[in-house]
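Residue numbers (our numbering), protein chains in the order written: chain A, 1 to 675; chain B, 676 to 989; chain C, 990 to 1153. Heads up, the beta-carbon is just placed ideally off N, CA and C, and yes, glycines get one too. On a predicted model such as this, the values are computed, not experimentally measured, just so you know.
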């Protein structure tokens, strides 16, 4: 009997996870960080191998009835799981290596370290789950581990605590939605394994399936940062330690997409058109809202978190488009859109890992993530600046960047959507195209700001002046992710066959015909290698020009150094530089109505005369408007209801007994009526 | 070397040599309309050659972004010139001659120059970079959306395919989607090349500058590259616009005689468009910076309408 | 817009016919610095002038005298410039900025002192706020005398730089 590669790799990953967690708790301090980091990196590698094998066509299915009480554990790995396994595994590897250097400093306890491999393993377990119960257990494990890791950063800090509360509440509300949805689906289908659901789903009434989909869209969508359920993301991601932010932003949020694709497209067979039009609209909304917020954010990690909202929004657009096309009988188009979504997921994972790890190095070196206080890092942190630039290029979706091929493919699939009839489609598709275009344009401005004010120019604070380059292992981790970024930017075609296999899992009714169609569509991107050619030609032209310039301008070799042009009035200080806030000010004005920024001007007059000003304090904040308008009223209502309910609990035992008795009676009455 | 590669090389050379002449002609026309004589069509080339002969400077504290951005600007415009069917649809970049890719390449050049502006750490550099990126961020959606309107009808974003399709259907340029997209793209071309009413290319007032403020720190050969890049960008964008909406004269072969005809047509169309812009600028003042987004939003709206039109009226 | 168009057509060209090229002299920058032949970008520096010279410089680049036809163009940054047109006696506050402006321009560079004040402090010689003539602060290549010099004299000086 031959060895099943994905299964073996997953088993190895499980063993490594247990080993790493044990090592974190028991190993002596001297080797602990290094040992846990290495074992976790191997865990990630095992996950990537499992994913890679699944993408290469190996499948795996197993039932371990004794592992978990009552339901047992059902595992199932196909090419669709493979995409998410491979991404999660690769991100775990890079971040774990990075974490060795990052965690060597003070402040990381044994418990936080023990949680890391568990979180990493749960990220592998979710896409490998083969039944509803296994998925739910893995999902909750993932939620709990990530929650504890978020608050492990600095538990004493009020902001971390607040972020933890937001995350805990929202992730569990999401869990409730998923749990309800999946139980409803399972009850209607009388089975809980994926294989069974796939067969039974066709027989379930459209109303039930629609209800289940809405619940799943809420649950999985909130995990994927879909507006307006994204509120936890820009709070939790910045406050978590940077490797955790990277793992959450590059691997965990993807699993929301996985859930939607697995249940919506694969198991429930695409359902109705309104499901996917809703998904597309919400995705487009997230993309625009996320990037507008990112454009004006001056906290580097908050900026990156909002960029996650944007990119996952784009992925949702792709998934939604795939559903619409599938529903209207265009499987080839559906495959194209889904391939774009999956490719963008991978690209986003690559560049977001680079960016969050780069931001982590900056935070590590300077102690601040405020772009207004950074700057000038390129001289002291050349490696970090280099990889961050590569990541920023990817996030801006410009040629040579990781997201360029995937956004190109996404636009291609929408352009071809012309073939789909339906009034709603004709309205939604152009608006979505516009939303993608708008987010692409703003992404360029956002990442020029992040790179230009954060890393170039002059240091704006003492902390930035005294920055130091990241440690060796941190550089290795960032370098690995940057290499993945570059590979996805120039050789996206290499992923073609794997993507074709993955999309074939989710878009049924295809078979070889669809695969050929995908192959043809993907050739435009893949086998002709034009992104590589484009980058190569541009770089070639650059080199040629430089050589030509050296020939023409005889003195090009010896450049005389001259002071910066200061309009003749020195000195030119760092205070005169444009900051991130001033850079984004025009954009903030343009999107004033969307952002509703709050500014406060406080003028203190002199004691002797009201006309003499002693001090002027100006503050500006761009709060999340969705949070203000949507969440705060709900929170206030709940709080008011809670306060009102206090009157019910006055400490009298008699009254409590009365409550209990009353509830039992009501319950019995309900049961009797229901019979 | 195969014929398409030669066509591409010819296009690059044409744009490289012709772009400063176009700028010269535009300045000349403007001077004449203002009652002046002006510097002559060859003046931009004289300026460029002089700048190339000047001593290169390294402003203190600038880094690689500052050094390489001008070169990248010229390289990107050059690759765009090789990709766009200016003379013939048989260009040498194959699938790389993609409309979205060309737009993204030109944006890459802008972003690089904005980074260079920030890299100088001067107030003007940052100011120019901020303004330029704001304009680009709002112009890019209009371009991409207009692109989708054009591509949706052909079913491809491949430039030669789009141009060939327009050439083979004589009536296509007059369709509503095309007209809307043409207006949207025209506004964007003005914004992206820093012409009035978005930016005044001949301003000397730092506070009103957009593009110029970013490049205040460049001198000598670097400045030559910045100016050459800007001129090539103008030519390429005008060429792109005319290839999309007035593709007459562009051949679908690599036949030398037809290429010469294409060359004449390209020169004529680009000169005409350039002169229209220059003449228009005499009658126009620069709009306030914060009115520019309104202009671009209008262009974006037109582009979205163009996409809708191409979907509805397909 | 139509009225403007009518005006453009009716007024036509207002630039005066180009006077003959000034006799080339050995001291002309055009002879010494051949790099600048045909093209010279100009940055004006007011080192303390009464603004009379500025008005004349403005005229030199205006439609009537049209210095642009000889290859001269005003630019915003000394980095872009080959020629500094310096006017006025150099005041104490402007001495350092003038020096820095000179240093900011890339080699080769030409300094033209415009007006009597720039050449020998003129009316303001010995005033307490005056540091000295332009030549006391930066090396001067060409001088345009006059209080203020006529635009055609300024144009002639620029033509000595561009050699056109």
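Open item on the list: Strictly below 7 Å CB to CB, what residues from chain B border residue 997(C)?
Closed with: In the third chain, counting from the first residue as 1, residue 997(C) sits at position 8. 708, listed in chain order.
TODO: Take the Cβ of residue 725(B) as the centre, count every other Cβ of all protein chains shown within 10 Å, and call the residue buried at 16 or more, exposed below.
DONE: The residue labelled residue 725(B) in the question sits at position 50 within the second chain. Burial call: buried.
Open item on the list: I'd like to know whether the C-beta atoms of residue 91(A) and residue 51(A) end up nearer to each other than 8 Å.
Closed with: As a first step, residue 91(A) is located in the first chain; it is residue number 91 there, counting from the start. As a first step, residue 51(A) is located in the first chain; it is residue number 51 there, counting from the start. No, the Cβ-Cβ distance between residue 91(A) and residue 51(A) is not below 8 Å.
Task: is_contact[residue 815(B), chain C] using C-beta, thresh 8 Å - done: Indexing the second chain from 1 puts residue 815(B) at position 140. Interface with chain C (8 Å Cβ-Cβ cutoff): residue 815(B) is excluded.
Open item on the list: Please return the same chain residues whose Cβ sits closer than 7 Å to the Cβ of residue 584(A), not counting the five positions on each side in sequence.
Closed with: Taking the first residue of the first chain as 1, we reach residue 584(A) at position 584. Only 295, 296 and 449 meet the Cβ criterion.
Open item on the list: With H, G and I counted as helix, E and B as strand and the rest as coil, what does DSSP make of residue 660(A)?
Closed with: Indexing the first chain from 1 puts residue 660(A) at position 660. Residue 660(A) falls in the helix class under three-state DSSP.
Task: Rounded straight-line distance, which links the Cα of residue 662(A) to that of residue 246(A) - done: As a position in the first chain, residue 246(A) is number 246, starting the count at 1. As a position in the first chain, residue 662(A) is number 662, starting the count at 1. Cα-Cα distance, rounded: 51 Å.
Task: Proximal residues to residue 470(A) (C-beta, below 8 Å), its chain only, five neighbours per side dropped - done: Translated into the one-based positions of the first chain, residue 470(A) becomes position 470. Here the set comprises 101, 361, 364, 365, 381, 383, 384 and 478.
TODO: Taking 8 Å as the cut-off, decide whether the C-beta atoms of residue 694(A) and residue 137(A) are in contact.
DONE: Any question about residue 694(A) goes unanswered here, given that chain A covers just 1 to 675.
- [ ] For residue 879(B), return the contacting residues in chain C, with the cut-off set at a CB-CB distance below 8 Å.
- [x] Counted from its first residue, the second chain places residue 879(B) at position 204. Under the 8 Å cutoff, chain C gives 1063, 1064 and 1065.
- [ ] Anything in chain B within Cβ reach of residue 388(A), meaning under 9 Å, just list it in chain order.
- [x] Against the first chain, residue 388(A) aligns to sequence position 388. Result: empty, since nearest Cβ-Cβ is about 12 Å, beyond 9 Å.
- [ ] Find the residues of chain B that neighbour residue 344(A), judging by a C-beta separation of less than 9 Å, and give them in chain order.
- [x] Counting from one through the first chain, the residue named residue 344(A) turns up at place 344. Those within 9 Å of residue 344(A) in chain B number zero; the least Cβ separation is about 15 Å.
Task: From 813(B), 746(B) and 721(B), residue whose alpha carbon lies closest to that of residue 1061(C) - done: In the third chain, the residue the question calls residue 1061(C) occupies position 72. Closest by alpha carbon: 721(B).
Task: Beta carbon of residue 682(B) nearer than 8 Å to that of residue 765(B) - done: Position 7 of the second chain, counting from 1, holds the residue named residue 682(B). Position 90 of the second chain, counting from 1, holds the residue named residue 765(B). Yes, these two residues count as a Cβ contact at 8 Å.
TODO: Would you verify that the beta carbon of residue 983(B) is, or is not, closer than 8 Å to some beta carbon of chain D?
DONE: Looking for chain D here will not work: the only protein chains present are A, B and C.
TODO: Please report how far the alpha carbon of residue 514(A) lies from the alpha carbon of residue 326(A), in whole angstroms.
DONE: Residue 514(A) sits at position 514 when you count from the first residue of the first chain. Residue 326(A) sits at position 326 when you count from the first residue of the first chain. The pLDDT assigned to residue 514(A) is 45, lower than 50, so where the model puts this residue is not dependable, and the model offers no usable value.
TODO: Please compile the residues from chain B whose C-beta is within a distance smaller than 9 Å of the C-beta of residue 681(A).
DONE: No statement about residue 681(A) is possible, as the shown extent of chain A runs from 1 to 675 and does not include it.
Open item on the list: So, does the segment 1068-1084 of chain C touch the segment 1116-1127 of chain C, judging by three or more C-beta pairs under 8 Å?
Closed with: Contact holds: three or more Cβ-Cβ distances are below 8 Å.
Task: Given residue 1072(C) as reference, the closest of 1144(C), 1139(C) and 1085(C) once Cα atoms are compared - done: On the third chain, residue 1072(C) is found 83 positions in, with the first residue counted as 1. Among 1144(C), 1139(C) and 1085(C), the Cα nearest to that of residue 1072(C) belongs to 1144(C).
Open item on the list: Just verifying my parser: in three-state terms, what is the DSSP assignment at residue 604(A)?
Closed with: Here residue 604(A) refers to the residue found at position 604 of the first chain. Three-state DSSP puts residue 604(A) in a strand.
Task: Interface partners of residue 958(B) on chain C, CB under 7 Å - done: Working through the second chain from its first residue, we reach residue 958(B) at position 283. What residue 958(B) touches in chain C: 990 and 993.
Open item on the list: Which of the three DSSP states is assigned to residue 311(A) in this structure?
Closed with: What you label residue 311(A) is simply residue 311 of the first chain in a count that begins at 1. Residue 311(A): helix per DSSP, three-state reduction.
Task: Under 8 Å between C-beta atoms of residue 1011(C) and residue 568(A) - done: On the third chain, position 22 is the one that residue 1011(C) refers to. On the first chain, position 568 is the one that residue 568(A) refers to. Their beta carbons are not under 8 Å apart, which means residue 1011(C) does not touch residue 568(A) by this criterion.
- [ ] Would you give the residue range spanned by the alpha helix (DSSP H) that residue 472(A) belongs to?
- [x] Start at 1 with the first residue of the first chain, and residue 472(A) comes out as number 472. Per DSSP, residue 472(A) belongs to the alpha helix (DSSP H) from 472-490.
TODO: Quick one: give me the first and last residue of the beta strand (DSSP E) that residue 429(A) is part of.
DONE: Looking up residue 429(A) in the first chain gives position 429. Judged by DSSP secondary structure, residue 429(A) falls outside any beta strand (DSSP E) and instead within the alpha helix (DSSP H) spanning 423-454.
Open item on the list: Can you give me the C-alpha to C-alpha distance between residue 921(B) and residue 903(B), rounded to a whole angstrom?
Closed with: Here the question's residue 921(B) lines up with position 246 in the second chain. Here the question's residue 903(B) lines up with position 228 in the second chain. Taking the straight line joining both Cα atoms gives about 26 Å.
TODO: Determine, using beta carbons only, whether residue 317(A) and residue 268(A) come nearer to each other than 8 Å.
DONE: As a working mapping, residue 317(A) is identified with position 317 in the first chain. As a working mapping, residue 268(A) is identified with position 268 in the first chain. The answer is no: Cβ separation not under 8 Å.
Task: Stretch-stretch touch, CB-based, cutoff 8 Å, three pairs: the segment 156-165 of chain A with the segment 174-183 of chain A - done: no
TODO: Note down the Cα distance separating residue 20(A) from residue 76(A), rounded to an integer number of angstroms.
DONE: Start at 1 with the first residue of the first chain, and residue 20(A) comes out as number 20. Start at 1 with the first residue of the first chain, and residue 76(A) comes out as number 76. Cα to Cα, the separation comes out at about 25 Å.
TODO: If I'm right that residue 967(B) touches residue 873(B) with Cβ under 8 Å, what's the distance once you round it to whole angstroms?
DONE: Translated into the one-based positions of the second chain, residue 967(B) becomes position 292. Translated into the one-based positions of the second chain, residue 873(B) becomes position 198. About 5 Å separates the two Cβ atoms, so the contact holds.
TODO: Please check the pair residue 1067(C) and residue 1036(C), which I expect to be a contact at CB under 8 Å, by giving their CB distance rounded to whole angstroms.
DONE: In the third chain, the residue the question calls residue 1067(C) occupies position 78. In the third chain, the residue the question calls residue 1036(C) occupies position 47. No, residue 1067(C) and residue 1036(C) are not in contact; Cβ-Cβ is about 13 Å, not under 8 Å.
Task: Every unbroken alpha helix (DSSP H) inside the segment 749-816 of chain B [4 residues or more] - done: Taking only runs of at least 4 residues, the alpha helix (DSSP H) segments lying wholly in the segment 749-816 of chain B are 774-794.
Task: 8 Å Cβ cutoff met for residue 225(A) and residue 338(A) - done: Taking the first residue of the first chain as position 1, residue 225(A) is located at position 225. Taking the first residue of the first chain as position 1, residue 338(A) is located at position 338. No; because the gap between Cβ atoms is not below 8 Å, this pair is not in contact.
Open item on the list: I'd like to check one pair, residue 598(A) with residue 231(A): are the Cβ atoms closer than 8 Å?
Closed with: Sequence index remark: in the first chain, residue 231(A) carries index 231 (1-based). Sequence index remark: in the first chain, residue 598(A) carries index 598 (1-based). No; because the gap between Cβ atoms is not below 8 Å, this pair is not in contact.
- [ ] Decide yes or no for the touch test of the segment 945-954 of chain B against the segment 782-789 of chain B: beta carbon pairs closer than 8 Å, at least 3 of them.
- [x] no
Open item on the list: Between residue 578(A) and chain B, is the shortest Cβ-Cβ distance under 8 Å, so that the two count as touching?
Closed with: Taking the first residue of the first chain as 1, we reach residue 578(A) at position 578. Chain B, which has a Cβ nearer than 8 Å to the Cβ of residue 578(A), makes this yes.
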